[in-house]
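Residue numbers for the sequence shown follow this note's numbering, so the first one is 60 and each next one is one higher.
Beta carbons: idealized from backbone N, C-alpha and C, even for Gly.
The structure under discussion appears below in the form of structure tokens.
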Amino acid sequence: MSTLHVLSHSPFGDERLNSCLRLIGADDALLLSGDAAYALQPGTAPFNALSARGLTLYVLAEDAQARAIDVPDWANAIDYPAFVELSIRHNKVNSWL
Numbered sequence: 060m061s062t063l064h065v066l067s068h069s070p071f072g073d074e075r076l077n078s079c080l081r082l083i084g085a086d087d088a089l090l091l092s093g094d095a096a097y098a099l100q101p102g103t104a105p106f107n108a109l110s111a112r113g114l115t116l117y118v119l120a121e122d123a124q125a126r127a128i129d130v131p132d133w134a135n136a137i138d139y140p141a142f143v144e145l146s147i148r149h150n151k152v153n154s155w156l
């Protein structure tokens, strides 16, 4: 069974991203939305942790653009219809509130 993990909080304010990375499985995916897109700022600890993991990573393109964040080649920028498709494709969706 695969899980889509959805993060929307800044990785600089709490430990949600680190907790998620400890639990994420090989068949799972991670979607960054809202302030979680800040995890893709090059040179930061969250960026380094994500790039080293080699996991399936998505970011809402609208949120990255609103925060002037360039999406790296190893992440996939998606729109809201693609988010819905991801939610359907995975067995579970876990929102890290």
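Can you tell me the Cβ-Cβ gap for residue i and residue j, rounded? I've got them flagged as a contact below 8 Å.
i: T115; j: G84; result: Not quite, the Cβ-Cβ distance comes to about 11 Å (not below 8 Å), so this is no contact.
i: D94; j: H68; result: 6 Å
i: I128; j: L99; result: 5 Å
Let me check understanding here. Comparing Cα to Cα, which of the options lies closest to residue i?
i: F106; options: S78, E121, D87 and V130; result: V130
i: A96; options: H149, G72, N150 and R81; result: G72
i: N77; options: P140, D86 and L66; result: L66
i: N135; options: A125, Y117 and R126; result: Y117
i: G113; options: L145, S154, D86 and Y139; result: D86
i: I137; options: V152, H149 and E121; result: E121
i: S154; options: C79, M60, P70 and E74; result: C79
Taking the beta carbon of residue i as the centre, do at least 16 other beta carbons fall within 10 Å, making it buried, or is it exposed?
i: S92; result: buried
i: A123; result: buried
i: I147; result: exposed
i: V143; result: exposed
i: L156; result: exposed
i: L119; result: buried
i: L109; result: buried
i: D132; result: exposed
What are the boundary residues of the alpha helix (DSSP H) that residue i is part of?
i: Y139; result: Y139 to R148
i: S78; result: R75 to L82
i: S61; result: Note, S61: premise wrong, no alpha helix (DSSP H); not H, not E.
May I ask which residues mark the beginning and end of the beta strand (DSSP E) holding residue i?
i: A88; result: A88 to L91
So who's on the other strand from residue i, going by DSSP bridges?
i: W133; result: DSSP, once it has assigned bridges, lists no residue as partnering W133.
i: N107; result: DSSP, once it has assigned bridges, lists no residue as partnering N107.
i: Y117; result: L90 and N135
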